[in-house]
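Quick notes on the structure that follows.
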Amino acid sequence: GEEAIQAFNKGDEVTARVLDVDMEKERISLGIKQVGGDPIADNGSVKRGAIVTCTVTEVASGGIEVEFGEPAVKAFIRRSDLSRDRTEQRPERFAVGEKVDAKVTQVDKSSRRISVSIKALEISEEQEAVAQYGSADSGASLGDILGAALATGGDEVAEVAEAEEKPAKKKATKKKKVAEGDEG
23 GEEAIQAFNK GDEVTARVLD VDMEKERISL GIKQVGGDPI ADNGSVKRGA IVTCTVTEVA
83 SGGIEVEFGE PAVKAFIRRS DLSRDRTEQR PERFAVGEKV DAKVTQVDKS SRRISVSIKA
143 LEISEEQEAV AQYGSADSGA SLGDILGAAL ATGGDEVAEV AEAEEKPAKK KATKKKKVAE
203 GDEG
């Protein structure tokens with residue numbers, strides 16, 4: 023748009039790609055953006071599963087529009103992808119210019135659309151934490167596991183998870199010991 027044009031002055035030397043030649047009107051169309059490479063093309067810099075830092079460019083009722091990468095790529099994060107927690111799926115909690123981390127969930131080359139999700143990033147981070155610090159089957163919540171990791175510097179986290187996985191040993195009652203003593 024106009025912001026890109028304002029960076030140039032008459033007489034500047036630039037590298038450009040010829041986009042069109044109109045012999046009838048004696049015009050040549052040039053493109054500067056095309057020289058920088060295409061982030062969506064086959065060998066583009068944006069890959070599915072990549073974690074990107076985005077800048078919020080617009081806040082709408084259905085979600086937020088973000089921009090990331092160099093050259094800048096625009097994407098829209100739907101309301102349902104703003105957070106794993108439904109109470110946090112409010113676009114109005116974001117401000118234009120704010121930076122957010124998100125995970126690339128889809129790269130559609132044919133429609134030239136990239137989907138990113140904060141929710142997918144939160145889920146993958148939780149899965150990594152559970153894999154690193156203990157299993158979800160241990161009975162410990164993620165908060166318990168991470169709280170223990172932060173409190174001890176991570177050394178005793180595996181011990182906490184293991185302790186919760188082992189069943190508690192039952193103690194013999196006095197009655198049983200007394201009964202065994204009477205028989206002998």
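In this note's numbering, the protein residues as written are 23 to 206. Heads up, the beta-carbon is just placed ideally off N, CA and C, and yes, glycines get one too.
Distance CB(residue i)-CB(residue j) smaller than 9 Å
i, j, result
"GLY85", "ARG70", "no"
"VAL78", "VAL68", "no"
"ARG106", "ILE54", "no"
"CYS76", "VAL122", "yes"
Three-state secondary structure (DSSP) of residue i
i, result
"GLY165", "helix"
"LEU104", "coil"
"VAL138", "strand"
"SER133", "coil"
"ALA151", "helix"
"LYS32", "coil"
"GLY176", "Annotation note: pLDDT 49 at GLY176 (below 50); position unreliable, no value reported."
Outcome for residue i when other beta-carbon atoms lying within 10 angstroms are tallied against a minimum of 16
i, result
"SER139", "buried"
"LYS141", "buried"
"VAL130", "Checking the sequence, you will find Asp at residue 130 rather than Val. ASP130 should be labelled exposed."
"ALA82", "exposed"
"VAL40", "exposed"
"VAL43", "exposed"
Residue from the options with nearest C-alpha to residue i
i, options, result
"VAL57", "ASP42, VAL74, THR75 and ALA38", "ALA38"
"VAL126", "ARG108, GLU35, ASP34 and ALA72", "ALA72"
"ARG134", "LEU52, ASP34 and PHE98", "PHE98"
Q | contact_flag[the region 86 to 94, the region 141 to 156] where n(CB pairs < 8 Å) is 3 or more | A | Touching, no, given that fewer than three Cβ pairs across the two stretches are closer than 8 Å.
Q. Touch check for the region 114 to 134 and the region 41 to 51: three-plus C-beta pairs under 8 Å?
A. Contact check between the region 114 to 134 and the region 41 to 51: fewer than three CB pairs, one atom from each, fall below 8 Å, which does not count as touching.
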